[in-house]
Amino acid sequence: MNVIELLADLQIRQDAAATRAGELREQIEHLNAALAEAEARLAELVTTRKVISELAPTGTESELPELTTAYQVILNAFNTHPDQAFRVRDLHELLGMPTDDPA
56 MNVIELLADL
66 QIRQDAAATR
76 AGELREQIEH
86 LNAALAEAEA
96 RLAELVTTRK
106 VISELAPTGT
116 ESELPELTTA
126 YQVILNAFNT
136 HPDQAFRVRD
146 LHELLGMPTD
156 DPA
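What follows is the structure in structure tokens.
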């Protein structure tokens, strides 16, 4: 291999390395932008959680958790029997609730 061939080979390698470096810079720019968006979203969620935590009632249990629990039990009944159509009486029987109470 003579000096001219060596220089040509080195130029090819240099060009390939420069191309790869450019591609990596573009990826870094894209990742930095995505990271900035994710961090902004995270900051919004942290702020939202703080605000809701400050506004949420403390100390006494409200009726909402009970409703949520009953709601979840009803949803579980529907999810357990997805092909079954329930009448109110059937659902009450399945959940062990009284069937004579109109409420």
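Counting the sequence shown from 1 gives a position; the numbering used here is that position plus 55. Quick reminder that beta carbons are idealized off the backbone N, C-alpha and C, glycines included. Keep in mind that this is a model prediction, so the values were computed, not measured.
Contact between A132 and L146 holds: CB atoms are separated by about 6 Å, below the 8 Å threshold.
Distance between T74 and A95, taken at the CA atoms: about 32 Å.
Judged by DSSP in its simplified three-state form, F133 adopts helix.
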